[in-house]
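Residue numbers (the UniProt record's numbering), protein chains in the order written: chain A, 1 to 158; chain B, 1 to 158.
Protein chains: 2
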Amino acid sequence: MPNNISDIIEQYLKRILEESDVGVVEIQRSELAELFNCVPSQINYVISTRFTTDHGYVVESKRGGGGYIRIREIKLDPEHTLLTLLRNWPSELSQATSEALIERLMRESWLTKREAVMLENMLRREVVNVDLPLRDRLRSRLLYTAVQVIATYDNEDH
Amino acid sequence: MPNNISDIIEQYLKRILEESDVGVVEIQRSELAELFNCVPSQINYVISTRFTTDHGYVVESKRGGGGYIRIREIKLDPEHTLLTLLRNWPSELSQATSEALIERLMRESWLTKREAVMLENMLRREVVNVDLPLRDRLRSRLLYTAVQVIATYDNEDH
DNA sequence: TTGACTTTGACTTATCTTGACCATATTATA
DNA sequence: TATAATATGGTCAAGATAAGTCAAAGTCAA
C-alpha cells in the first residue's frame, strides 16, 4: 500500500521496532536516508509526522560524531492512560490542576510518592516564578516531559 | 551503544574507577591514546567534558618524565552531602552543569535512574524555553527544589 | 485548482576528532 | 651546578561528522 518514501520508511521503522522487543530503535539519520535514497531531512519529516507522542512514541537524538536518533514506544496499559493523557495535554496548567493530576498519577501507581512530591514542589508558583500566562505554559511543558519519561522508561525500583 | 571514541574512553575510565575500590585511576595520556588509537588531546577532551568537578571528579596531572593524569572520584560525606550542596547552590545552572550534577547524584544513589532521566529531560532548554539568563536561574530553582525534596523526603531507597 | 501532504536542499547547531604549537618536569651532559 | 635534551601533559582552533530547521517546490486527489 505504501506509495511514497515516507510511508515506506515509517513501515520499516515500525517493523524494526517490533523486532526489538524492548520497544526502542536507534538509527543514524544519514544511514537511513541512504538506505532509502532520500535526503536526510526526509527522516525528520517521517518522524515528525508519524512518530509523535500522539502516535505513541517519544524520540531522542544526539548530533555530532556518533550521533543517533532513538525512537521509543510509549508503554501501554489496557486503558491507554498515559497515551490518552499525553494526547490531550493542555497547553497551560495551573498549579491546582497540575497537583490534581500528579495526585491521580500517584494514586494509579504511575508515580512514586517521592516523584510526586518532587514534581508538586517543582511546579509551585514560587519555583516556576515567571509571569502568567507564561508560567502556566511552562508548567504544562514541564509536567508533560515528566509524564513522557514515565511513559517510556521502566522504573526498576517498583 | 557508544558510537564514538569519547564515549568508549569514558566508559573505560569509569570501569577502571569502579574496579579500583579507592575511587582513583591513574593513566598516562599517550599510553591511553595509543590504546584507543586516537590523538593524545582526545583524552583531554574526554576529561574536560565528562570528568569535571560538576560530575564529581577531581583531576590532577603532572608533565615531564613520569608524568600522569589522575582522576579521583569525590564522594561527599553522606551525612551532609545534600545540605552542603543546597547551602552552596548556584543561582544559575546551565544545562550541561545540571546534567553533570544529576548524573552525579544518581551515581551516589541519591536519585533513581528514572528520577534522573525525568529531571534531565525537564531541564532541557527546549522545555525550559524562556530567554537567558532567566532560563538558567529557573533551572537552578527547579533542580534546587528537587534536591530539597530528596534531602527531606527520605525514601525507601536510603 | 486548491489544499494537504511529500520531497528537497540550503543553512544552522551540536558534538567529536585532529594536529600544530605551548608549558613543564625529569634526566643527561658539559 | 648550569644547561641542554627528552619526555610528558595542556591549549586551542580548524576540520569532520551528524542531526535540526525551515521554506520552497513538487505531487496528487477531491
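Heads up, the beta-carbon is just placed ideally off N, CA and C, and yes, glycines get one too.
Which residue's Cα is closest to the Cα of residue i: the options?
i, options, result
"B/Leu93", "B/Leu143, B/Cys38 and B/Glu18", "B/Leu143"
"A/Glu26", "A/Leu105, A/Ile47, A/Asp7 and A/Ala96", "A/Ile47"
"A/Tyr68", "A/Asp77, A/Thr84, A/Val24 and A/Glu79", "A/Val24"
"B/Thr145", "A/Met118, A/Pro78 and A/Asn88", "A/Met118"
Less than 8 Å between the beta carbons of residue i and residue j, yes or no?
i, j, result
"B/Lys75", "B/Glu108", "yes"
"A/Ala151", "A/Leu86", "yes"
"B/Ile43", "B/Arg63", "no"
"B/Ser98", "B/Leu123", "yes"
"B/Asn3", "A/Gly66", "yes"
"A/Arg72", "A/Gln95", "no"
"B/Asp54", "B/Ala116", "no"
"A/Tyr153", "B/Arg114", "yes"
Mind listing the chain A neighbours of residue i? Cutoff is C-beta to C-beta under 9 Å, in chain order.
i, result
"B/Tyr153", "Lys113, Arg114, Val117 and Met118"
"B/Arg141", "Met122, Glu126, Val127, Val128 and Asn129"
"B/Asn4", "Gly64, Gly65, Gly66 and Gly67"
"B/Leu85", "Ordered by position in chain A, no residue passes the 9 Å Cβ test against B/Leu85, which lies about 16 Å from the chain."
"B/Leu138", "Val127, Val128, Asn129, Val130 and Leu138"
Excluding five sequence neighbours on each side, which residues of the same chain lie with their C-beta closer than 7 Å to the C-beta of residue i?
i, result
"B/Glu60", "Arg70"
"A/Pro90", "Ser140"
"B/Pro40", "Arg29, Ser30 and Ala33"
"B/Glu79", "none"
DSSP has residue i in a bridge; who is on the other side?
i, result
"B/Val58", "B/Arg72"
"B/His147", "One detail in the question is off: residue 147 of chain B reads as Val in this sequence, not His. Looking at the DSSP assignment, B/Val147 forms no beta bridge with any residue, so it has no partner."
"A/Val25", "A/Ile71"
Spatial neighbours of residue i within its chain, please: C-beta separation below 8 Å, excluding the five flanking residues on both sides.
i, result
"B/Leu138", "Val128 and Val130"
"B/Leu82", "Trp110, Val147, Ile150 and Ala151"
"B/Ser6", "Gln42, Tyr45, Val46, Thr49 and Arg50"
"A/Tyr57", "Phe51, Ile71, Arg72, Glu73 and Ile74"
"A/Asp21", "none"
"residue 171 of chain B", "Because residue 171 of chain B is not part of the residues shown, which for chain B are 1 to 158, the question remains open."
"B/Thr84", "Leu76 and Asp77"
Among residues of its own chain, excluding the 5 on either side of residue i, which ones have a beta-carbon nearer than 6 Å to its beta-carbon?
i, result
"B/Glu120", "Glu99 and Ile102"
"B/Leu17", "Val25 and Glu73"
"A/Glu10", "Val46 and Arg50"
Identify the contact partners of residue i in chain B, using a Cβ-Cβ distance below 7 Å as the criterion.
i, result
"A/Thr81", "Chain B residues near A/Thr81: none, gap ~17 Å exceeds 7 Å."
"A/Val59", "Those do not exist, as A/Val59 stays about 12 Å from chain B at its closest Cβ, beyond 7 Å."
For a contact defined as C-beta to C-beta under 8 Å, what are the partners of residue i on chain B?
i, result
"A/Thr145", "Met118, Asn121, Met122, Arg124 and Val127"
Relative to the ligand MN, is the shortest distance from any of its heavy atoms to the C-beta of residue i smaller than 7 Å?
i, result
"A/Glu115", "Absence of the ligand MN from the depicted structure is noted, as is the absence of any ligand whatsoever, leaving it without description."
Residues of chain A with CB closer than 7 Å to the CB of residue i, please, in chain order.
i, result
"B/Asp54", "Result: empty, since nearest Cβ-Cβ is about 20 Å, beyond 7 Å."
"B/Val39", "Under the 7 Å cutoff, chain A gives no residues; its nearest Cβ is about 14 Å from B/Val39."
Please list the partners that residue i has in chain A, where partner means a Cβ-to-Cβ separation under 8 Å.
i, result
"B/Asp7", "Gly66"
"B/Val24", "The premise fails here: B/Val24 is roughly 28 Å from chain A at the closest Cβ pair, so nothing lies under 8 Å."
"B/Val46", "Within chain A, no residue comes near B/Val46; the closest Cβ sits about 13 Å away, beyond 8 Å."
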